[in-house]
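Under our numbering, think of the first position of the sequence shown as 6, with each following residue one higher.
Think of the CB as a built atom: it goes at the ideal place given N, C-alpha and C, for glycine as much as any other residue.
Model, not experiment: these values are computed from the prediction.
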Amino acid sequence: MQRDDDANVWEFFNERAAIMTFDAGIPRHDADFQAMVCTRLYFDPLGIAMPAGGYFSCFWNTEFGWNDRTGTAITFPCAVALRSMWYSAQGEADRAGRFYTWLLRPPSDRHW
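This is the structure:
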């Protein structure tokens, strides 16, 4: 029997969203997002891709995690966002006349 991965993913997602909405009392928009993260964290290690369209499509390049202590999703910033944050902090440090990081110091200059 051939499996229908998209149908399985959507069924898993809808079940998690309903549980979070009705049993946990989480607002529907938050429950949908957290259910999407749970779905990704469950199916990605199994090698099952998320459906190409619909709710999952806008999060295709986002990395997620889960905080077991608080029971909430964690969204990790992508490389573009991290580069933008670094560039902003580096510019602020330059304007203030201080070093942003010692990691960029040349190894031969100990007093830099």
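In this structure, DSSP gives N13 a helical state, which the three-state scheme calls helix. Pairing T106 with N66, the inter-Cα distance amounts to about 29 Å. Per DSSP, A94 is one residue of the alpha helix (DSSP H) stretching across 84-101.
Considering only Q39, G52, E20, A86, the residue with the shortest C-alpha distance to N72 is Q39. Boundaries of the alpha helix (DSSP H) harbouring T44: 33-48, taken from the DSSP string.
Across the set W91, A23, V14, the C-alpha of V14 shows the shortest separation from the C-alpha of L51.
The C-alpha of P82 is placed about 21 Å away from the C-alpha of F48. Closest in C-alpha terms to E20, from the list A78, P32, L46, A36, comes A36.
Secondary structure at F64: helix, using DSSP grouped into helix, strand and coil.
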